[in-house]
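S.K.: What follows is a structure written as structure tokens; I'll ask about it next.
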Amino acid sequence: MAAPAGTTNEQPPRPAFVSLGMVVLDELRAPGRSPLYDVLGGSGAFSVLGARLAAGRARAGEVGCFILAGNDFPDGAVDRFRSWGVNLVIKVDPTRRSTRGLLEYKDSVFSSKTFRYTTTPLRPSPKDLPSHFLAAGAFHLLASPSEVEAQVTQLLSLRSDTSIVGDPLLIWEPAPLSCNRDAKEEHLAAAKLVDVFSPNHLELLALFQDITQGEQASPFHTRLIEACADAFLDSGVGPSGAGTVVIRAGGHGCLVASTAIKGRHQWLPPFYGDASAIVDATGAGNTFLGALTFAMGACGKDALEGAAMANVAASFVVEQIGCPELRQVQGGEECWNNSAFLESDDPDLFLQVLGPEESTDEN
Numbered sequence: 001m002a003a004p005a006g007t008t009n010e011q012p013p014r015p016a017f018v019s020l021g022m023v024v025l026d027e028l029r030a031p032g033r034s035p036l037y038d039v040l041g042g043s044g045a046f047s048v049l050g051a052r053l054a055a056g057r058a059r060a061g062e063v064g065c066f067i068l069a070g071n072d073f074p075d076g077a078v079d080r081f082r083s084w085g086v087n088l089v090i091k092v093d094p095t096r097r098s099t100r101g102l103l104e105y106k107d108s109v110f111s112s113k114t115f116r117y118t119t120t121p122l123r124p125s126p127k128d129l130p131s132h133f134l135a136a137g138a139f140h141l142l143a144s145p146s147e148v149e150a151q152v153t154q155l156l157s158l159r160s161d162t163s164i165v166g167d168p169l170l171i172w173e174p175a176p177l178s179c180n181r182d183a184k185e186e187h188l189a190a191a192k193l194v195d196v197f198s199p200n201h202l203e204l205l206a207l208f209q210d211i212t213q214g215e216q217a218s219p220f221h222t223r224l225i226e227a228c229a230d231a232f233l234d235s236g237v238g239p240s241g242a243g244t245v246v247i248r249a250g251g252h253g254c255l256v257a258s259t260a261i262k263g264r265h266q267w268l269p270p271f272y273g274d275a276s277a278i279v280d281a282t283g284a285g286n287t288f289l290g291a292l293t294f295a296m297g298a299c300g301k302d303a304l305e306g307a308a309m310a311n312v313a314a315s316f317v318v319e320q321i322g323c324p325e326l327r328q329v330q331g332g333e334e335c336w337n338n339s340a341f342l343e344s345d346d347p348d349l350f351l352q353v354l355g356p357e358e359s360t361d362e363n
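Counting in full-length UniProt numbering, the sequence shown runs from 1 upward without gaps.
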């Protein structure tokens, strides 16, 4: 059938990256400050930001941004995503409110905070995605083990049903509340379904020892974290068992663990252009994973190169509350927070900037 006037038979472009995380509209409260409303947050928003940083202006359209929204999703939030130049798809449920949360900081330096949803969360699943988003080359997932099993099964089934060839890169960020000793075996089993398993160090340790939510594991022992990562490598990550574990450890940087790495372990330090500029780390982990997913899935980086890029991307989130501002400067160069993200086809650039760390314990 011929296409009607004003339409085309061409399919929308397939993105290289899609996140199944939620976009959350946050209300932010802090002592002595006026409340902020409709602040972009959630793993969906921050992972898209990370992918967009890694993509750069030239490849911004390869970053898929899927939003499951309610009837009150603000135009300002839509405009913010559009300003990034990403491949934006919004699915609106007119009968429900958008996903909203209350983020309360307990002190003026944002060192302690609590969060709760104030509406029923709208959680995207593969069946919500349009066909061209189903065909993405790489996916970021934030889910419990049972959820990731359901999402991966549904995603691969839908891709098969629509004749999408090839398997996507899957990077799994475990839901923090699912990380406890009773769920260790479930996480080990679910990790076999994805290419990269990436908890933060407290979530990883909570699978092997009793850690109260919010408790800081002290002192920081790299050997213990490496041993826990090895448990996943020994069990097998990914369908072939040759996947990667990436542990995000905040101010301690990150651990990339893989049987493809000599000695299995490589630590990379965090990247902070100016440590005094750190304001709030909310969303840094999600941003890291968005950049890692795009770097590995769309740029052909290995996990070590991708993690180096991701460390740099995460540094753009900690300098303010919420997402950084994107500005165009003279000559068309992009600036986020008045700084340009490193862009280069040289796969060693980010490793040169960061310089891999030796694996040592801090006592």
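Glycine included, C-beta positions come from ideal geometry on N, C-alpha and C. Bear in mind that the values here come from a model prediction, so they are computed numbers and not experimental data.
With distance defined between alpha-carbon atoms, name the residue in Gly85, Val279 and Trp172 nearest to arginine 248.
M.R.: Among Gly85, Val279 and Trp172, the Cα nearest to that of arginine 248 is on Trp172.
S.K.: Could you pull the DSSP bridge partners for proline 174 from this structure?
M.R.: Proline 174 pairs with Ala143.
S.K.: Please work out which residues of its chain come closer than 6 Å, Cβ to Cβ, to valine 318, disregarding the five sequence neighbours upstream and downstream, and give them in chain order.
M.R.: Correct list, in chain order: Ile278, Ala281 and Ala284.
S.K.: Between which residues of its own chain and alanine 259 is the CB-CB distance below 8 Å, once the five residues before and five after are set aside?
M.R.: A small fix is needed here, since residue 259 is threonine in this sequence, not alanine. Excluding positions up to five away in sequence, the list reads Leu233 and Ala242.
S.K.: Taking all protein chains shown into account, decide if aspartate 195 is buried (16 or more other Cβ within 10 angstroms of its Cβ) or exposed.
M.R.: Result: buried.
S.K.: For the stretch 65-73 against the stretch 125-136, do three or more pairs of beta-carbon atoms, one drawn from each stretch, fall closer than 8 Å, so that the two count as touching?
M.R.: They touch, by the three-pair rule.
S.K.: Provide the residue(s) that pair with cysteine 65 in DSSP beta bridges, ordered along the chain.
M.R.: Bridge partners of cysteine 65: Leu88.
S.K.: Quick check for students: name the residue ranges of the beta strand (DSSP E) that lie wholly in the stretch 274-336, counting only runs of 3 or more.
M.R.: 326-328 and 334-336, all fully within the stretch 274-336.
S.K.: Measuring alpha carbon to alpha carbon, tell me which residue in Glu203, Leu28, Ala191 and Ala295 is nearest glutamine 320.
M.R.: Minimum Cα distance to glutamine 320 is reached at Leu28.
S.K.: List the whole-angstrom C-beta distance separating glycine 297 from leucine 169, where the pair is believed to meet the contact cut-off of C-beta under 8 Å.
M.R.: About 4 Å separates the two Cβ atoms, so the contact holds.
S.K.: Out of Ser163, Ala136, Leu255 and Gly300, which one is the CA nearest neighbour of arginine 223?
M.R.: Closest by alpha carbon: Leu255.
S.K.: How is threonine 360 classed by DSSP in three states: helix, strand or coil?
M.R.: Bear in mind that the predicted position of threonine 360 carries a pLDDT of just 46, short of 50, making it too unreliable to give a figure here.
S.K.: Excluding the five sequence neighbours on either side, which residues of its own chain have a C-beta within less than 6 Å of the C-beta of phenylalanine 46, listed in chain order?
M.R.: Here the set comprises Gly283, Asn286 and Thr287.
S.K.: What number of angstroms, rounded off, separates the C-alpha of glycine 56 from the C-alpha of phenylalanine 341?
M.R.: Cα-Cα distance, rounded: 8 Å.
S.K.: Is leucine 103 closer than 8 Å to aspartate 26 when the C-beta atoms are compared?
M.R.: Going by C-beta atoms, aspartate 26 is nearer than 8 Å to leucine 103.
S.K.: Between which two residues does the alpha helix (DSSP H) carrying histidine 132 extend?
M.R.: Its alpha helix (DSSP H) spans residues 131-134.
S.K.: Would you call the CB atoms of leucine 289 and glycine 50 closer than 8 Å?
M.R.: Result yes, Cβ atoms of leucine 289 and glycine 50 sit closer than 8 Å.
S.K.: Apart from the five residues on each side of it in sequence, which residues of its chain come closer than 6 Å, Cβ to Cβ, to residue 366?
M.R.: Any answer about residue 366 is impossible in this case: the structure gives the chain only from 1 up to 363.
S.K.: Would you tell me roughly how many angstroms separate the C-alpha atoms of proline 74 and phenylalanine 81, rounded to the nearest one?
M.R.: The straight-line gap from Cα to Cα measures roughly 12 Å.
S.K.: Applying the 10 Å Cβ sphere with the 16-neighbour rule, what's the burial state of glutamate 62?
M.R.: Answer is buried; the Cβ neighbour count reaches 16.
S.K.: Count the other C-beta atoms from every protein chain shown that fall within 10 angstroms of the C-beta of proline 199, then say buried if there are 16 or more, exposed otherwise.
M.R.: Buried is the call here.
S.K.: What does the Cβ neighbour count give for tyrosine 105, buried or exposed, with the cut at 16 atoms within 10 Å?
M.R.: Tyrosine 105 is buried by the Cβ-count criterion.
S.K.: Per the DSSP calculation, cysteine 254 is bridged to which residue(s)?
M.R.: For cysteine 254, which the question treats as bridged, DSSP gives the partners Arg248 and Leu268.
S.K.: Inspect the beta-carbon positions of glycine 101 and valine 24 and report whether they are closer than 8 Å.
M.R.: Yes, Cβ-Cβ distance for glycine 101 and valine 24 is below 8 Å.
S.K.: Roughly how many angstroms lie between the CA atoms of glycine 331 and aspartate 182, to the nearest whole one?
M.R.: Going by the C-alpha atoms only, they are around 55 Å apart.
S.K.: What residues are listed by DSSP as bridge partners for lysine 113?
M.R.: Beta-bridge pairing links lysine 113 to Tyr105.
S.K.: Following the continuous beta strand (DSSP E) through phenylalanine 17, name the residue where it begins and the one where it ends.
M.R.: Start and end: 17-19.
S.K.: For the beta strand (DSSP E) containing tyrosine 41, list its first residue and its last residue.
M.R.: The amino acid occupying residue 41 in the given sequence is glycine; tyrosine does not appear at that position. Element bounds for glycine 41: 36-41.
S.K.: Quick one: give me the first and last residue of the alpha helix (DSSP H) that arginine 82 is part of.
M.R.: From DSSP, the alpha helix (DSSP H) with arginine 82 extends over 75-83.
S.K.: Residues in the same chain with beta-carbon distance under 6 Å from proline 12, minus the five sequence neighbours each way, listed in chain order, please.
M.R.: Excluding positions up to five away in sequence, the list reads His132.
S.K.: Would you please state the rounded distance, in angstroms, between the beta carbons of leucine 158 and leucine 141? I believe it to be under 8 Å.
M.R.: Contact flag wrong, Cβ pair sits at about 15 Å.
S.K.: Looking at C-alpha atoms only, which residue of Ala60, Gly21, Glu334 and Phe17 is the closest neighbour of alanine 175?
M.R.: Considering only alpha carbons, the answer is Gly21.
S.K.: Going along the chain, which residues of its own chain have a beta-carbon closer than 6 Å to the beta-carbon of arginine 14, five neighbours each way excluded?
M.R.: Excluding positions up to five away in sequence, the list reads His132 and Ala135.
S.K.: For leucine 169, which residues does DSSP report across the bridge?
M.R.: BP columns for leucine 169 point to Ala138.
S.K.: For valine 246, which option in Phe208, Leu204 and Pro219 has the closest C-alpha, if you only look at C-alpha atoms?
M.R.: Answer by Cα proximity: Leu204.
S.K.: Considering just the uninterrupted stretch of the alpha helix (DSSP H) at aspartate 182, what are its terminal residues?
M.R.: Note, aspartate 182: premise wrong, no alpha helix (DSSP H); not H, not E.
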